[in-house]
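Numbering (my numbering), first residue to last: 7 to 127.
Below is one structure, written out as structure tokens, with a few remarks after it.
The following block contains the structure:
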């Protein structure tokens, strides 16, 4: 090992067993999918409009928001997995950047939807 080598993580990832690398990427994508799933209900509870009716119906609306987030997380997971398959010849950094970028995009869109959601009476 040369003392001028500053990037020691990339060669380790490149030399890693491909099955282990893919398993780690899927695990990381699962954590990001969970973040995408809770973005809509969390943003709505923290910064969104309060439900004007009784508490039980408000809880039902939060469940609907969570189901919407779960659908978005499932779509994110499928798109990320297909992209991982298409980018398998590229460095792992490309798949990682795509995963983080897509999760941020979907998370921000869902958070915006949660903040701006209005109840119509």
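Just so you know, even glycine gets a beta-carbon here, dropped at the ideal spot from N, CA and C.
Segment limits, alpha helix (DSSP H) that includes residue i
i           : result
residue 124 : Run containing residue 124: none; DSSP gives neither H nor E here.
residue 61  : 61-92
residue 36  : 24-53
Among the options, nearest to residue i - alpha-carbon criterion
i           : options             : result
residue 112 : 45, 90 and 73       : 45
residue 53  : 100, 97 and 121     : 121
residue 74  : 119, 91, 109 and 94 : 119
residue 106 : 27, 28 and 34       : 34
residue 26  : 103, 98 and 114     : 98
residue 123 : 55, 67 and 85       : 55
8 angstroms Cβ cutoff met for residue i and residue j
i           : j           : result
residue 39  : residue 82  : yes
residue 43  : residue 22  : no
residue 58  : residue 125 : yes
residue 108 : residue 78  : no
residue 68  : residue 51  : yes
Any chain C beta carbon closer than 8 angstroms to residue i
i          : result
residue 61 : Of the protein chains in this structure there is only one, and it is not chain C.
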